[in-house]
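Undergrad: My questions all concern the structure below.
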Amino acid sequence: EAKRRGRNRFQVFSSQLRTDIEHRMRTESGLRRALAGDELTVLYQPVLDLPSGAVSGAEALLRWDDPAGRRIGPDEFLGVAEETGLIVDIGAGVLRAACARGAQWDAAGLPLTVAVNLSARELVAPGLVAGVVAALDASGLDPRRLELEITETTVLADLPAARRTLEALREMGIGIALDDFGTGYSSLTWLQQLPADTVKLDRSFITHLCRSAQDEAIVSAVITLAHALGLRVVGEGVETAQQLQVLRRLGCDHAQGFHLGRPLAADDLTALLHA
Ligand code: C2E
Ligand code: MG
Ligand code: MG
Ligand code: MG
């Protein structure tokens, strides 16, 4: 009886596994086609300067429009893109697009800082710095207008190598932001170990900012610590006016979230900024 059940369980497991493998293979071949064709788009979410309230930057966020007309978010395909290494070419495309767009905004009198997310595979790829230099040269964007966002998982793979790469980028004038800050267990030690300019406080701390005294204490302490170390702070995932008000009161430097602006097509953001 136990043996029979065990075999059934194995069958359930193996058909789940097959479904997963099929999903991965479909995603991988889809991504290869997306990369070769015209299916990847970059949206831009505004980042506000506090307290002025002006839009001072935009984060580049990748989308995949598949041939069936479905718009797919990065959470659905980044894992496969990283495992297969496709993220290196995809990321290079995002970087080129974002630098070109940043230069266009600059020329139009909109001096925004453009933020681009980097995954672990990209950071340790041998051509990263050269790719960044090429994207900057091709676009003419001032390196000080570019910010690269990394997370704890991005750097954990090889901390010394990550640090060297980040230092090289920073010497060029590029900003480094620690994304989703506060979600890993070693967040505070990163501040010592990594060259950075900005801390992006994870949305999970902002969500309960108006209802939880503990969350307000944590946010306040991180802002104080970051400022003491010469870092700027961005509050992520601001969804209400009250959350924004608390961040302002606590001295947070920047804010980003659906309350302030959703990720938009570049031209739509441009129109919004001109209006
Ligand atoms: P992230 O870098 O932390 O980006 C912020 C995510 O939160 C975005 O999700 C954004 O749409 C979402 N968001 C912004 N404001 C709010 C809000 O008020 N409420 C809520 N609930 N969500 C908000 P998205 O675009 O789905 O991207 C997810 C993650 O995928 C990003 O998280 C980033 O880690 C990664 N990613 C996106 N684009 C790229 C890329 O070009 N390259 C790489 N390597 N990673 C990317
Ligand atoms: Mg980010
Ligand atoms: Mg984030
Ligand atoms: Mg994230």
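Read left to right, the sequence shown gives residues 769 to 1043 (this note's numbering).
C-beta: ideal position from N, C-alpha, C; glycine also.
This structure is a prediction, so every number in the text was calculated from the model and none was measured.
#1: Taking C-beta to C-beta, are Pro963 and Ile991 nearer than 9 Å?
#2: Is the beta carbon of Trp958 less than 9 Å from the beta carbon of Glu920?
#3: What's the C-alpha gap between Ala994 and Arg800?
#4: I'd like to know whether the C-beta atoms of Val923 and Ala888 end up nearer to each other than 9 Å.
#5: Could you tell me the distance, in whole angstroms, from the CA atom of Ala985 to the CA atom of Asp817?
#6: Rounded to whole angstroms, what's the CA-CA distance from Gln982 to Leu1015? Just pull it up for me.
#7: Which partner residues does Asp915 have in the DSSP bridge list?
#8: Could you check whether Leu1041 and Ala746 sit closer than 9 Å to each other, using their CB atoms as the reference points?
#9: Whose beta carbon lies closer than 6 Å to any heavy atom of ligand 3, going through the chain in order?
#10: Between which two residues does the beta strand (DSSP E) harbouring Gln813 extend?
#11: When burial is assigned at 16 or more other CB atoms within 10 Å of the CB, is Asp947 buried or exposed?
#12: Specify the secondary structure class of Asp833 as computed by DSSP and reduced to three states.
#13: In the DSSP output, what is Glu827 paired with across the bridge?
#14: Considering only their Cβ atoms, is the gap separating Glu807 from Trp832 smaller than 9 Å?
#15: Determine the direct distance from the alpha carbon of Arg938 to that of Thr966, and round the result to whole angstroms.
#16: With which residues is His995 paired in a DSSP beta bridge?
#17: Can you tell me which of Leu891, His1027, Gly941, Ala925 puts its alpha carbon nearest to the alpha carbon of Arg913?
#18: Report whether the distance from the Cβ of Ile857 to the nearest heavy atom of ligand 1 is below 8 Å.
#19: With a threshold of 7 Å on Cβ separation, who are the neighbours of Leu977 within its own chain once the five nearest residues in sequence on each side are excluded?
#20: Determine contact between the region 822-838 and the region 886-903, defined as no fewer than three beta-carbon pairs at a distance below 8 Å.
#21: Taking 6 Å as the limit between beta carbons, can you name the residues of its chain near Gly870, skipping five residues before and five after?
#22: Just how far apart, CA to CA, sit Ile858 and Ala804?
TA: According to the structure shown:
#1: Numbered from 1 along the sequence shown, position 195 holds the residue referred to as residue 963. Numbered from 1 along the sequence shown, position 223 holds the residue referred to as residue 991. For Pro963 and Ile991, no; Cβs fall outside 9 Å.
#2: The sequence position of residue 958 within the sequence shown is 190, counting from 1. The sequence position of residue 920 within the sequence shown is 152, counting from 1. Their beta carbons are under 9 Å apart, which means Trp958 touches Glu920 by this criterion.
#3: As a working note, residue 994 is residue 226 in the sequence shown. As a working note, residue 800 is residue 32 in the sequence shown. Just so you know, the alpha carbons of Ala994 and Arg800 end up roughly 40 Å apart.
#4: The residue you call residue 923 lines up with position 155 of the sequence shown. The residue you call residue 888 lines up with position 120 of the sequence shown. Yes, the pair counts as a contact, with Cβ atoms nearer than the cut-off.
#5: Indexing the sequence shown from 1 puts residue 985 at position 217. Indexing the sequence shown from 1 puts residue 817 at position 49. Cα-Cα distance, rounded: 22 Å.
#6: In the sequence shown, residue 982 corresponds to position 214, counting from 1. In the sequence shown, residue 1015 corresponds to position 247, counting from 1. Cα-Cα distance, rounded: 14 Å.
#7: Your numbering for residue 915 matches position 147 in the sequence shown. What sits at residue 915 in the sequence shown is Glu, not Asp. Glu915 is bridged to Ala883, Gly943.
#8: This structure gives no information on residue 746, because the portion of the chain shown stretches from 769 to 1043.
#9: Asp947, Asp948, Lys968, Glu1004
#10: The sequence position of residue 813 within the sequence shown is 45, counting from 1. Here the beta strand (DSSP E) through Gln813 covers 808-817.
#11: In the sequence shown, residue 947 corresponds to position 179, counting from 1. By the neighbour-count rule (16 or more Cβ atoms within 10 Å), Asp947 is buried.
#12: Translated into the one-based positions of the sequence shown, residue 833 becomes position 65. Three-state DSSP puts Asp833 in a strand.
#13: For the purposes of this step, residue 827 is identified with residue 59 of the sequence shown, where counting begins at 1. Looking at the DSSP assignment, Glu827 forms a beta bridge with Gln813, Ala883.
#14: Taking the first residue of the sequence shown as 1, we reach residue 832 at position 64. Taking the first residue of the sequence shown as 1, we reach residue 807 at position 39. A contact, by the Cβ cut-off of 9 Å.
#15: Numbered from 1 along the sequence shown, position 198 holds the residue referred to as residue 966. Numbered from 1 along the sequence shown, position 170 holds the residue referred to as residue 938. Their backbone Cα atoms lie some 12 Å apart in a straight line.
#16: Numbered from its first residue, the sequence shown carries residue 995 at position 227. In the DSSP assignment, no residue is bridged to His995.
#17: Within the sequence shown, the letter at position 145 stands for residue 913. The residue with the shortest Cα to Cα distance from Arg913 is Gly941.
#18: Against the sequence shown, residue 857 aligns to sequence position 89. In the sequence as presented, Ile is not what sits at residue 857; that position holds Asp. Asp857 Cβ: outside cutoff for every heavy atom of ligand 1.
#19: Here residue 977 is taken as the residue at index 209 of the sequence shown, counted from 1. Here the set comprises Asp983, Glu984, Val987, Gln1011, Val1014.
#20: Per the Cβ contact rule, the region 822-838 is not in contact with the region 886-903 (fewer than 3 Cβ pairs under 8 Å).
#21: On the sequence shown, position 102 is the one that residue 870 refers to. Closer than 6 Å at Cβ, skipping near neighbours: Val882, Leu909, Arg913.
#22: Here residue 858 corresponds to residue number 90 of the sequence shown, with the count starting at 1. Here residue 804 corresponds to residue number 36 of the sequence shown, with the count starting at 1. Taking the straight line joining both Cα atoms gives about 10 Å.
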